[in-house]
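Single-structure report; data block below.
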Amino acid sequence: MASPSALTSQSDDFPRWYQDVVAKAEMADNGPVRGTMVIRPYGYALWERIQAEMDARIKVAGAQNAYFPLFIPQSYFAREAEHVEGFSPELAVVTYAGGEELAEPVVVRPTSETVIGEFMAKWIQSYRDLPLLLNQWANVVRWELRPRLFLRSSEFLWQEGHTAHDSYEDAAAYAMRIHLEVYYDFLANVMAVPAYVGIKSPRERFAGAINSLTCEGMMRDGKALQMSTSHELGQNFARAFNIVYQNESGQSELCHTTSWGASTRLVGGLIMAHGDDRGLIVPPRLAPIQAVIIAVRDEPEVLEACASIDARLRDGGVSTALDRGRGSFGRRVTDWEIKGVPLRIEVGPRDLAGGVVTMVRRDDGSKHVVALDRLATTCQGLLEEQQRALFNVALARRDDATTDVTSVDEAIEAAQTGFARMAWDQIGELGEARLNEVAVSVRCIQRADGTTPVSPDEPDLVAIVAKSY
RNA sequence: CGGGCUGUAGCGCAGUUUGGUUAGCGCGCUGCGUUCGGGACGCAGAGGUCCCCGGUUCAAAUCCGGGCAGCCCGACCA
């Protein structure tokens with residue numbers, strides 16, 4: 002049955018729908034300074050889940066967490082020409098502190114290649130010190146003129162990995178490993194987002210990198226969102242910061258470095274990749290609350306039953322919330338739907354009389370009457386099914402909205418509603434410029450089988466073309 | 001940087017043209033009661049430097065001058 006809508010519908014006005022979800026699911030607010038963001042507890046809980054899953058994968062890949070300063074000497078940026086050029090428009094610079102003008106202005110980090118490079122140079126002496134694999138969880142500042150909560154804010158949270166290796170091959174292999182085993186794996190298996198993987202065109206590459214790997218997700222309005230990046234920095238930063246090591250025969254050599262990151266933008270991606278007209282849809286493996294137990298009535302027997310169901314589910318490893326029946330049923334249901342909780346467990350007098358509860362999946366709204374003695378296993382089963390279904394639905398949607406084309410004009414047309422796929426060598430620099438003129442871009446370049454190439458010079462590569470956030 | 005628009009309760013707005021008693025409305029909020037299987041309702045309440053400064057006037061949210069802030073479009077940047 003159609004209920005009066007709490008949100009602007011996606012088809013009506015997608016950006017407005019997004020803002021409504023962020024506000025009504027209590028995820029974030031605008032901060033007092035334009036472009037800043039207050040992340041509210043529910044939004045932060047989602048970020049903490051993202052952090053936990055990615056951090057575990059990062060550690061499996063061998064990197065260790067560390068922390069570097071927020072303030073970076075301005076002179077550091079000048080050392081790598083492309084890097085400084087790329088970042089200077091969005092730098093926030095402190096020129097006055099401690100009651101006086103600073104002798105050297107201090108940059109608020111937009112990314113940490115430079116400071117970390119400085120310290121890598123200090124810590125690396127010998128080939129025995131390599132590879133050096135670091136990661137940090139931090140906030141960064143990139144001054145934004147057109148901010149949007151989670152997607153583009155002047156300050157945001159992220160993870161940035163920085164590594165140094167003794168060879169180009171080792172560095173490239175590590176960047177690829179992070180790209181696939183941390184980011185792609187997390188996106189596919191936790192966030193249920195089937196990302197297109199590939200490398201960035203030279204034009205879209207990170208400032209200072211020799212190659213950038215990317216995971217591009219399709220949002221429900223058909224636009225692309227870059228969900229992670231992994232960069233091969235070659236010897237650019239090693240040269241700028243003198244990151245050298247002695248090889249086995251005693252000669253000094255420059256390191257090869259990488260950097261890679263994913264940010265709170267992923268929360269925005271989560272909203273737009275799965276959300277529907279009823280609000281957010283959180284995949285069960287990511288959900289801070291996997292099941293909400295709703296007391297249909299605020300009555301002692303019902304509340305008691307809810308408390309015992311809650312305890313049993315927690316014992317069974319399900320993270321739960323308990324809704325104690327204050328306020329109207331419909332309103333409470335709607336509020337939990339907006340928050341995207343995967344499973345709603347309704348417990349009312351009618352259920353209890355029959356020795357059952359009613360479970361409702363968030364993704365398809367299907368109702369399941371479940372006997373009390375099969376609570377935990379059924380709950381687990383429905384969560385797992387929903388996790389799979391979300392990925393499969395997103396994959397089908399992505400493939401349906403991806404059109405193979407043979408000309409730039411066709412690519413532009415396809416990009417109005419989805420993605421276009423086209424031979425990379427048929428686009429060329431000129432074609433890419435024409436795309437950019439109409440706010441369409443080459444999101445990534447991949448092999449025909451969809452895997453990530455190691456260089457843009459491989460033959461027969463295809464480009465994924467779309468509008469983007 | 002150019003053009004357009006807007007600042008009134010937590011949010012969204014009306015009122016300003018034509019100055020006039022106590023500045024309203026919707027949502028939200030507080031209390032009580034009835035409700036509760038898909039966004040409930042009644043009654044009673046709380047909440048305002050009408051962006052700021054100055055001027056005109058018996059009287060300014062309203063008229064005049066100056067300032068500040070924000071939004072949209074364009075340009076720039078990626």
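Residue 121 in the numbering used here sits at position 120 of the first sequence, with consecutive numbering throughout. All C-beta atoms in this analysis are idealised placements derived from N, C-alpha and C, irrespective of residue type, glycine included.
For residue i, three-class secondary structure by DSSP
i      : result
Tyr246 : strand
Asp373 : Here residue 373 is Leu; the residue named in the question, Asp, does not match the sequence. Three-state result, Leu373: helix.
Pro74  : strand
Tyr470 : coil
Glu182 : helix
Gly419 : coil
Leu146 : coil
Ala3   : Residue placement at Ala3 cannot be trusted, given a pLDDT of 37 that sits under 50; what the coordinates show is reported in the next sentence. In this structure, Ala3 counts as coil in the three-state DSSP scheme.
Met273 : helix
Asp336 : helix
Met360 : strand
Ser456 : coil
Lys60  : helix
Tyr197 : strand
Alpha carbon of residue i to alpha carbon of residue j, nearest angstrom
i      : j      : result
Ala3   : Lys201 : Confidence at Ala3 is low in this model, with a pLDDT of 37, below 50, so the placement of that residue is unreliable and no value is reported for it.
His84  : Ile40  : 30 Å
Leu134 : Ala165 : 7 Å
Lys468 : Thr403 : 12 Å
Leu376 : Gly331 : 24 Å
Ala464 : Arg444 : 7 Å
Phe72  : Gly432 : 40 Å
Pro343 : Arg435 : 43 Å
Trp124 : Ala241 : 16 Å
Gln291 : Ala29  : 20 Å
Asp461 : Glu438 : 25 Å
Cys216 : Ser231 : 9 Å
Lys340 : Ile294 : 14 Å
Glu19  : His275 : The sequence as given places Tyr at residue 19; Glu does not occur at that position. Taking the straight line joining both Cα atoms gives about 12 Å.
Lys25  : Val191 : 24 Å
Tyr43  : Val268 : 11 Å
Arg398 : Asn248 : 51 Å
Pro5   : Asp13  : Low confidence applies to Pro5: its pLDDT is 44, below 50, so where it sits in the model is not reliable, and the reading given next is rough at best. Rounded to the nearest angstrom, the two C-alpha atoms are 15 Å apart.
His163 : Glu114 : 7 Å
Asp476 : Ala193 : What is shown of the chain runs 2 to 470, which leaves residue 476 out entirely.
Leu146 : Pro132 : 39 Å
Arg129 : Ile51  : 33 Å
Beta-carbon separation (whole angstroms), residue i vs residue j, contact threshold 8 Å
i      : j      : result
Thr418 : Ala7   : Contact doesn't hold; Cβ gap of about 27 Å is too wide.
Pro70  : Val116 : 6 Å
Asp278 : Gln75  : Incorrect: roughly 48 Å between the Cβ atoms, too far for contact.
Val357 : Leu383 : Wrong, their Cβ atoms sit about 14 Å apart, outside the cutoff.
Trp144 : Leu92  : 7 Å
Gln381 : Gly328 : In fact, because the Cβ distance is near 29 Å, the residues do not count as touching under 8 Å.
Extent of the continuous alpha helix (DSSP H) to which residue i belongs
i      : result
Val22  : Phe15 to Lys25
Pro350 : Pro350 to Ala354
Ser231 : Unbroken run through Ser231 is the beta strand (DSSP E), Ala225 to Gly235; no alpha helix (DSSP H).
Glu102 : Segment Glu101 to Val109 is the beta strand (DSSP E) holding Glu102; no alpha helix (DSSP H) there.
Glu414 : Val409 to Ala415
Phe88  : Ala82 to Phe88
Gly429 : Trp425 to Glu438
Ser442 : Premise fails: Ser442 lies in the beta strand (DSSP E), Ser442 to Gln447, not in any alpha helix (DSSP H).
Gly118 : Glu114 to Trp124
Residue range of the unbroken beta strand (DSSP E) whose run includes residue i
i      : result
Ala263 : His257 to Ser264
Leu158 : Glu156 to His166
Ser213 : Asn212 to Met219
Thr321 : Thr321 to Asp324
For the 8 Å Cβ check, are there 3 or more pairs between the region 448-468 and the region 422-430? They touch, by the three-pair rule.
Counting pairs of Cβ atoms below 8 Å between the region 309-322 and the region 258-277, do you hit three or more? Here the region 309-322 makes no contact with the region 258-277; the two share fewer than three CB pairs at distances below 8 Å.
Touch check for the region 152-161 and the region 402-420: three-plus C-beta pairs under 8 Å? Judged by Cβ distances under 8 Å, the region 152-161 makes no contact with the region 402-420, as fewer than three pairs qualify.
Indicate whether the contact test is met: 3 or more Cβ pairs, each with one atom in the region 93-102 and one in the region 57-70, closer than 8 Å. In short, these stretches do not touch, since the Cβ pair count stays below three.
Answer yes if the region 165-179 comes into contact with the region 281-296, meaning at least three C-beta pairs across the two stretches below 8 Å, and no otherwise. Three or more Cβ pairs closer than 8 Å define a contact, and the region 281-296 falls short of that threshold against the region 165-179.
Do the region 183-190 and the region 48-67 make contact, defined as three or more Cβ pairs closer than 8 Å? Segments in contact, yes.
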